[in-house]
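Colleague: Note that my numbering numbers the sequence shown so that position 318 is 321, with each residue one more than the last.
The beta-carbon is built from N, C-alpha and C at its ideal position, and this holds for glycine as well.
All values derive from a computational prediction rather than experimental measurement.
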Amino acid sequence: MTDRIIPIYLPPRTTLPPARDLAALPEGELVDRRNRRVRDLRISVTDRCNFRCVYCMPKEVFGDDYAFLPRKQLLSFEEILRVARIFVDEGVEKIRITGGEPLLRKYIENLIEQLAKLPVEITLTTNGSLLRKKAQALKDAGLHRVTVSLDGIDDAVFKRMNDVDYAVGDVLDGIAAASAVGLAPIKINCVVKRGSNDDQILPLARHFRNSGHILRFIEYMDVGASNGWRMDEVLPSAEVVARIHEEFALEAIDPNYHGEVAERWRYVDGAGEIGVISSVTQAFCSSCTRIRLSTEGQLYTCLFAQSGHDLRALLRKGAGDEALRREIAAVWQSRDDRYSEIRTAATALPAAKKIEMSYIGG
Ligand code: SAM
Ligand code: SF4
Ligand code: SF4
4 MTDRIIPIYL PPRTTLPPAR DLAALPEGEL VDRRNRRVRD LRISVTDRCN
54 FRCVYCMPKE VFGDDYAFLP RKQLLSFEEI LRVARIFVDE GVEKIRITGG
104 EPLLRKYIEN LIEQLAKLPV EITLTTNGSL LRKKAQALKD AGLHRVTVSL
154 DGIDDAVFKR MNDVDYAVGD VLDGIAAASA VGLAPIKINC VVKRGSNDDQ
204 ILPLARHFRN SGHILRFIEY MDVGASNGWR MDEVLPSAEV VARIHEEFAL
254 EAIDPNYHGE VAERWRYVDG AGEIGVISSV TQAFCSSCTR IRLSTEGQLY
304 TCLFAQSGHD LRALLRKGAG DEALRREIAA VWQSRDDRYS EIRTAATALP
354 AAKKIEMSYI GG
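1) As a quick exercise: from Glu-276, Ser-214 and Asn-259, pick the residue whose alpha carbon is nearest that of Phe-220.
2) Using CA coordinates, which residue listed in Lys-136, Arg-197, Asp-68 and Asp-225 is at the minimum distance from Ile-371?
3) Taking the alpha-carbon positions, what's the Tyr-58 to Ser-47 distance?
4) Would DSSP call Ala-255 helix, strand or coil?
5) Helix, strand or coil for Leu-84, going by three-state DSSP, please let me know.
6) Can you give the beta carbon distance from Ser-290 to Gly-364, rounded, assuming they're within the 8 angstroms contact cut?
7) Enumerate in chain order the residues of its own chain whose CB-to-CB distance from Ala-138 is below 6 angstroms, with the five nearest sequence positions on each side excluded.
8) Report the rounded CA-to-CA distance for Ser-337 versus Lys-320, giving the unit in angstroms.
9) Quick one: what does DSSP say Asp-43 is sitting in, helix, strand or coil?
10) So if DSSP puts Val-167 in a beta bridge, which residue, or which two residues, is it bridged to?
11) Quick one: is Ala-187 near chain B, going by C-beta distance under 8 angstroms?
12) Is it buried or exposed for Asp-6, if we count other Cβ within 10 angstroms and need 16 for buried?
13) Any heavy atom of ligand 1 inside 7 angstroms of the beta-carbon of Pro-239?
14) Using only the alpha-carbon positions, how far apart do Gln-309 and Gly-300 sit?
15) So, helix, strand or coil for Arg-246, using DSSP?
16) Determine contact between the segment 207-215 and the segment 273-288, defined as no fewer than three beta-carbon pairs at a distance below 8 angstroms.
17) Sort Asn-130, Ala-119, Ala-159 and Arg-197 by Cα distance to Lys-141 and report the nearest one.
18) Below 7 angstroms CB to CB, which residues in the same chain sit around Ala-326 once its five sequence neighbours on both sides are set aside?
19) Using 8 angstroms for Cβ pairs, my map puts Val-244 next to Tyr-223. What's the rounded Cβ distance?
20) At which residues does the beta strand (DSSP E) containing Tyr-58 begin and terminate?
21) Would you check if there are 3 or more beta carbon pairs closer than 8 angstroms linking the segment 82-98 to the segment 191-210?
22) Just to be sure I understand the criterion: a residue counts if its Cβ is closer than 5 angstroms to at least one heavy atom of ligand 2. Which residues meet that?
23) Grouping DSSP H, G and I as helix and E and B as strand, with all else coil, what is Leu-133?
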């Protein structure tokens with residue numbers, strides 16, 4: 004089994020083919036310049052959050068005087084729905100509601116209820132703080148699945164990571180509530196920052212073994228301009244797997260579907276599975292089918308895109324569905340992003356050019 008553990012640094016899973024000329028794209032098929040289809044739409048419904056996770060919205064930048072977007076600049080639920088419908092017609096199969104903290108957006112369950120009428124999977128990523136209160140309403144609205152972020156199981160470490168003194172027990176209660184209303188199995192995401200919370204890997208693994216939930220460890224990414232990211236603070240997924248494997252034997256299992264971002268491992272003793280997402284050490288740009296709609300209606304074709312495409316302007320100018328569809332198709336067809344595949348310390352974007360995760364939607 005040990006020989007199946009991945010070495011620390013790997014080339015991308017598969018490298019992308021050369022970019023195609025725009026003129027050479029096949030008609031009637033929505034693919035980007037590297038032949039990737041659009042499958043996942045991530046919608047950020049607020050740029051606000053009640054946490055100040057050190058790797059996402061550090062307090063020094065997102066302080067009391069930080070200017071979040073005024074309400075009028077946010078896409079309305081009607082505007083979001085219009086865009087979502089067009090994306091579904093263009094091939095999107097999964098919609099994820101995110102933010103900021105999506106459960107802070109008032110009446111979010113009303114948006115979910117409308118989205119759930121579309122023939123796609125609707126999921127939501129949350130820090131879990133409002134989940135106990137909202138779980139039933141989310142389930143009733145038709146939400147299919149929920150992912151909860153949890154960066155430690157030790158209260159002191161968790162509080163240090165969220166930096167607002169939020170107790171881990173309340174998030175665990177939220178997970179239990181979501182489970183009780185039938186949103187299980189739940190994915191639990193932990194971003195690992197070396198030297199900050201990597202001592203939580205094993206305690207988290209012990210806690211969620213046999214729970215039926217799927218714990219996933221995410222490599223700390225250089226997204227946004229404010230987290231002061233350094234390569235030496237990234238703990239490679241291979242090391243996460245090795246550490247857990249030392250205590251509980253693991254074996255690799257097949258992806259659920261082609262292009263699944265998380266690499267899956269199962270406990271040999273049958274206690275469930277974990278996942279690792281190696282965005283830094285083993286890029287998966289070649290199968291990246293995600294597009295992001297920001298809180299104020301900008302479309303981003305990559306987490307690391309330096310600018311968006313303004314759909315809100317079109318929506319508010321009274322553009323019809325066909326004009327919107329053409330714009331969306333043009334944006335996807337001209338996509339050539341593969342930042343993580345070609346990122347090295349030397350090519351990492353300077354902070355000033357990056358868009359914050361809380362705005363673009365994680
Ligand atoms: N507030 C919600 C939450 O925390 O689940 C949703 C939005 S948050 C931006 C979405 C996901 O992005 C979370 O799982 C978070 O841990 C992850 N994230 C934020 N900054 C990150 C970074 N620098 N590297 C890796 N993941 C990050
Ligand atoms: Fe908020 Fe989520 Fe960012 Fe943490 S990761 S600060 S919970 S948006
Ligand atoms: Fe997708 Fe961009 Fe991330 Fe590559 S770097 S996987 S293209 S979001």
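Modeller: Reading from the atomic positions:
1) Taking the sequence shown and counting its residues from 1, one reaches residue 220 at position 217. Minimum Cα distance to Phe-220 is reached at Glu-276.
2) Residue 371 is absent from the model: the chain starts at 4 and stops at 365.
3) Position 55 of the sequence shown, counting from 1, holds the residue named residue 58. Position 44 of the sequence shown, counting from 1, holds the residue named residue 47. About 18 angstroms.
4) Residue mapping note: residue 255 aligns to position 252 of the sequence shown, counting from 1. Note: Ala-255 maps to strand in three-state DSSP.
5) Taking the sequence shown and counting its residues from 1, one reaches residue 84 at position 81. If DSSP states are grouped into helix, strand and coil, Leu-84 belongs with the helices.
6) For the purposes of this step, residue 290 is taken as residue 287 along the sequence shown, with counting starting at 1. For the purposes of this step, residue 364 is taken as residue 361 along the sequence shown, with counting starting at 1. Their Cβ separation, rounded to whole angstroms, is 19 angstroms, which puts Ser-290 and Gly-364 out of contact at 8 angstroms.
7) If you number the sequence shown from 1, residue 138 lands on position 135. Closer than 6 angstroms at the Cβ level, and outside the excluded window around Ala-138, lie Ala-180, Ala-181 and Val-184.
8) Walking along the sequence shown from the start, residue 337 turns up at place 334. Walking along the sequence shown from the start, residue 320 turns up at place 317. Spanning the two alpha carbons is a distance of roughly 23 angstroms.
9) Residue mapping note: residue 43 aligns to position 40 of the sequence shown, counting from 1. Strand at Asp-43.
10) Locating residue 167 in the sequence shown gives position 164, where the first residue counts as 1. Its beta-bridge partners do not exist; DSSP assigns none.
11) No chain B appears in the structure shown, which is made up of a single protein chain.
12) Your numbering for residue 6 matches position 3 in the sequence shown. The predicted model places Asp-6 with a pLDDT of 37, which falls under 50 and marks its position as unreliable; any figure quoted below should be read in that light. It counts as exposed.
13) Working through the sequence shown from its first residue, we reach residue 239 at position 236. Outside the cutoff, so no.
14) As a working mapping, residue 309 is identified with position 306 in the sequence shown. As a working mapping, residue 300 is identified with position 297 in the sequence shown. Going from the Cα of Gln-309 to the Cα of Gly-300 covers about 15 angstroms.
15) Taking the first residue of the sequence shown as 1, we reach residue 246 at position 243. Correct three-state label for Arg-246: helix.
16) yes
17) Taking the first residue of the sequence shown as position 1, residue 141 is located at position 138. Checking the displayed sequence, the identity of residue 141 turns out to be Leu instead of Lys. When only C-alpha atoms are compared, the closest one is Ala-119.
18) Taking the sequence shown and counting its residues from 1, one reaches residue 326 at position 323. The residues are Leu-317.
19) Position 241 of the sequence shown, counted from the first residue, corresponds to residue 244. Position 220 of the sequence shown, counted from the first residue, corresponds to residue 223. 16 angstroms between Cβ atoms; not a contact.
20) Here the question's residue 58 lines up with position 55 in the sequence shown. Where Tyr-58 is concerned, there is no enclosing beta strand (DSSP E), given that its DSSP letter is neither H nor E.
21) no
22) Cys-52, Phe-54, Cys-56, Cys-59, Met-60, Asn-130 and Ser-361
23) To locate residue 133, count along the sequence shown from 1; it is residue 130. In this structure, Leu-133 counts as coil in the three-state DSSP scheme.
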